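Worksheet: one structure, shown below.
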Amino acid sequence: MISRVRAVGSAIRHRWRRSLQTRIITTTVLLSATVTLLIGATILQQVKTGLLDSATRSALGQLSSGVQRAQTQFEAQPRASNRAFERTAASIDAELSPRQGEGDFEVSMVSAKPGLRSYGTGGGSLSAIPLALQRTVADRQREAWTYTTFVEPDGSTSPGLVVGAPVQASNVRYQLYYLFPLNREVATLHLVERTMLFAGAALVLLIAGIAAVVTRQVVRPVRQAAFTAERLASGRLKERMTIRGEDDLATLAASFNRMADTVQQQISQLRELSRLQRRFVSDVSHELRTPITTIRMAADLLHDSRADLPPELARSSELLQAQLDRFELLLADLLEISRYDAGAAVLEPEPVDLTGLVSRVISLAAPLAATRASTVIADLPDEPVIVDADARRIDRVLRNLVDNAIEYAEGGPVEVRLRGGPGGVAITVRDHGVGLRPGEASLVFGRFWRADPARARTTGGTGLGLSIALEDARLHNGWLQAWGEPGKGSVFRLTLPWRVGDAITASPLPLNPDEESVSA
Ligand code: ADP
Numbered sequence: 002m003i004s005r006v007r008a009v010g011s012a013i014r015h016r017w018r019r020s021l022q023t024r025i026i027t028t029t030v031l032l033s034a035t036v037t038l039l040i041g042a043t044i045l046q047q048v049k050t051g052l053l054d055s056a057t058r059s060a061l062g063q064l065s066s067g068v069q070r071a072q073t074q075f076e077a078q079p080r081a082s083n084r085a086f087e088r089t090a091a092s093i094d095a096e097l098s099p100r101q102g103e104g105d106f107e108v109s110m111v112s113a114k115p116g117l118r119s120y121g122t123g124g125g126s127l128s129a130i131p132l133a134l135q136r137t138v139a140d141r142q143r144e145a146w147t148y149t150t151f152v153e154p155d156g157s158t159s160p161g162l163v164v165g166a167p168v169q170a171s172n173v174r175y176q177l178y179y180l181f182p183l184n185r186e187v188a189t190l191h192l193v194e195r196t197m198l199f200a201g202a203a204l205v206l207l208i209a210g211i212a213a214v215v216t217r218q219v220v221r222p223v224r225q226a227a228f229t230a231e232r233l234a235s236g237r238l239k240e241r242m243t244i245r246g247e248d249d250l251a252t253l254a255a256s257f258n259r260m261a262d263t264v265q266q267q268i269s270q271l272r273e274l275s276r277l278q279r280r281f282v283s284d285v286s287h288e289l290r291t292p293i294t295t296i297r298m299a300a301d302l303l304h305d306s307r308a309d310l311p312p313e314l315a316r317s318s319e320l321l322q323a324q325l326d327r328f329e330l331l332l333a334d335l336l337e338i339s340r341y342d343a344g345a346a347v348l349e350p351e352p353v354d355l356t357g358l359v360s361r362v363i364s365l366a367a368p369l370a371a372t373r374a375s376t377v378i379a380d381l382p383d384e385p386v387i388v389d390a391d392a393r394r395i396d397r398v399l400r401n402l403v404d405n406a407i408e409y410a411e412g413g414p415v416e417v418r419l420r421g422g423p424g425g426v427a428i429t430v431r432d433h434g435v436g437l438r439p440g441e442a443s444l445v446f447g448r449f450w451r452a453d454p455a456r457a458r459t460t461g462g463t464g465l466g467l468s469i470a471l472e473d474a475r476l477h478n479g480w481l482q483a484w485g486e487p488g489k490g491s492v493f494r495l496t497l498p499w500r501v502g503d504a505i506t507a508s509p510l511p512l513n514p515d516e517e518s519v520s521a
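When you read off a place in the sequence shown, starting at 1, and then add 1, the result is the number in our numbering.
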């Protein structure tokens, strides 16, 4: 139950956040309901005051004429005995009481002098006169009125108005009271209340409907713009908005389309530029190969006979040889990258035993590790792990990862692990050296990107190693990911599917070494 309430709550919150139309309609309804309520309450109050005022005024009018008649009767009375007064009071009460069809008010003659009887139409009328009102009439010696609640013999209550005034004749005092039920006024008030409630609800609904229609007109094109923008962002550059009419929304659509035109144009230009650039790199690399081969032959000749050369020339020939090595490496990497860019890189898959391949890479890296005072520790399964892969490329990726790890391990150990799982096969290369700063885990795969370009490199890296490795991994439908923290070292993980073309569902080894569990 609670979870259902929560689900509904979160659905409402979601709608409130996501839908402009919902927000506008809700706000409009709330505001108009508040205003309608305030206006309704004010009108009701005024109607109530008006109804009661007119009832009071007519009651007071009736009272004053009643008092006149009573006084005339008392003054016309020949004998002034208590009995006679009582008789007169009774006859006045009877005379003033309503006849058939004159209304349903009641009249009471209340004695203001001890020993005299009071008279009232109906049994309950005397007790229905509030004592406080009687006291006010007696104290002030003039008319007074109050609203009260009449209790019927059956116990039900009804609202009423009581007006009273003193009747003075000789030395005798009687008070005359009229008791008016206010049922009709209350009924009128209820009718007005119901009508206004209905009218108010209808008004709020109407406003909500109008708000819905109006916002729909505005929100629809905005939604269409968002939809088109999303399609544009996903690469469908030909997507445009439809322009209807000449209003503000049509202007929005036109501006949007102009923006899309410009973006499309710029992207096409950039694509063309990038194509030219790639072509340039590829052409230059190819063109450089022939002169380099000649230079290499000459340099080899010089190098071979360096023993016969003067020391400074011998040193120069060694430098020439070293720089030529680097140059050839860079050229090879550039050619490889341009092959990828041209889409000419083809996978030559075959069953490969990764256990053997990793062991070979580790043993080949041993001399480099020795110069760096580092050791490479292998954690491999005992049995062969056979996957369908391009052995040359996987070998290149692993060599790159292991060489990098040794290079940045700062003398610490490098651990290489291999595991196969249901979702794929993973190899991690971990070092405990400089590590990677936040954000660098994706930057490392960028072309020519280096954390520290000034760092003196001895392994002769070109800054292209990891970007080629990433392309190699992608060609296999595999993943190549990095993790690192400054001072804690780095982990590079290559995950491959068992067969080329399969998708990896989960990597059998965690990327983050702090995570015990196997992560995807
Ligand atoms: P290169 O090694 O030739 O510089 P890479 O593409 O192999 O080029 O690597 C790019 C950059 O990534 C390196 O210059 C280095 O800053 C960073 N990097 C690579 N491997 C590691 C590692 N194991 N630890 C820390 N940084 C690394």
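Where a beta carbon is used, it is the ideal one built from N, C-alpha and C, also for glycine.
From a predicted model like this one, the values you see are computed outputs, not experimental measurements.
At a Cβ-Cβ threshold of 7 Å, Glu411 and Gly434 count as neighbours. By the neighbour-count criterion, in which a residue is buried when 16 or more other Cβ atoms sit within 10 angstroms of its Cβ, Asp334 is buried. Spanning the alpha carbons of Arg174 and Phe199 requires a straight line of approximately 52 Å. With 16 or more other CB atoms across the displayed protein chains lying within 10 angstroms of its CB, Pro498 is buried. Beta-bridge analysis with DSSP links Glu351 to Ala390. Its Cα nearest to that of Ser119, the residue Ala91 stands out among Ala91, Glu351 and Glu408. Going by DSSP, Arg418 is part of the beta strand (DSSP E) stretching over Val415 to Gly422. Here Trp17 is exposed. Its C-beta has fewer than 16 other C-beta atoms within 10 Å. Between the alpha carbons of Ile44 and Val152 lies a gap of roughly 30 Å.
Ranked by Cα distance from Pro509, the options Gly502, Leu444 and Leu495 are led by Leu495. Counted as a single uninterrupted DSSP element, the beta strand (DSSP E) harbouring Met110 occupies residues Glu107 to Ser112. Under the 10 Å beta carbon count, Phe181 is surrounded by 16 or more other beta carbons and is classified as buried. With fewer than 16 other Cβ atoms from the protein chains shown falling within 10 Å of its own Cβ, Met298 counts as exposed. In this structure, Leu419 sits away from Val377, with a CB-CB distance that is not shorter than 7 Å. Annotation for Glu411: no beta strand (DSSP E) segment contains it, and DSSP assigns it neither H nor E. Taking every protein chain shown into account, the CB of Glu384 has fewer than 16 other CB atoms within 10 angstroms, so this residue is exposed.
Taking 7 Å as the cut-off, the Cβ atoms of Arg373 and Ile407 count as close.
For Arg451, the CB falls within less than 6 Å of some heavy atom of the ligand ADP. For Gly485, the enclosing beta strand (DSSP E) stretches over residues Trp480 to Glu486. The bridge partners DSSP lists for Ala379 are Val417. Buried is the label assigned to Asn401, since at least 16 other Cβ atoms lie within 10 Å of its Cβ. In this structure, Phe449 sits away from Gly466, with a CB-CB distance that is not shorter than 7 Å.
The closest CA to that of Ala226, considering only Ile211, Arg195 and Arg259, is found on Arg259.
Sequence-distant Cβ neighbours of Leu512 in its own chain, meaning closer than 7 Å and more than five residues away, are Gln482, Trp484, Val492, Arg494 and Ser520.
Looking from the CA of Asp391, the closest CA among Leu348, Leu274, Thr27 and Val430 belongs to Leu348. The Cβ atoms of Ile130 and Tyr178 sit closer than 7 Å to each other. Straight-line spacing of the CA atoms in Ser59 and Ala145 works out to 13 Å. The beta carbon of Thr23 is closer than 7 Å to those of Arg16 and Trp17 in its chain, skipping five residues each way along the sequence.
Cβ atoms of Leu52 and Thr189 come within 8 Å of each other, at about 6 Å. Here DSSP, grouped into helix, strand and coil, assigns Ala452 to coil. Counting along the chain, the unbroken beta strand (DSSP E) around Thr147 starts and ends at Ala145 to Val152.
Counting the other CB atoms within 10 Å of its CB gives Tyr409 a total of 16 or more, which places it among the buried residues. For Leu162, no alpha helix (DSSP H) run applies; the uninterrupted beta strand (DSSP E) run containing it begins and ends at Thr158 to Ala170, by DSSP. Looking from the CA of Leu331, the closest CA among Gly462, Ser275, Glu288 and Pro454 belongs to Gly462.
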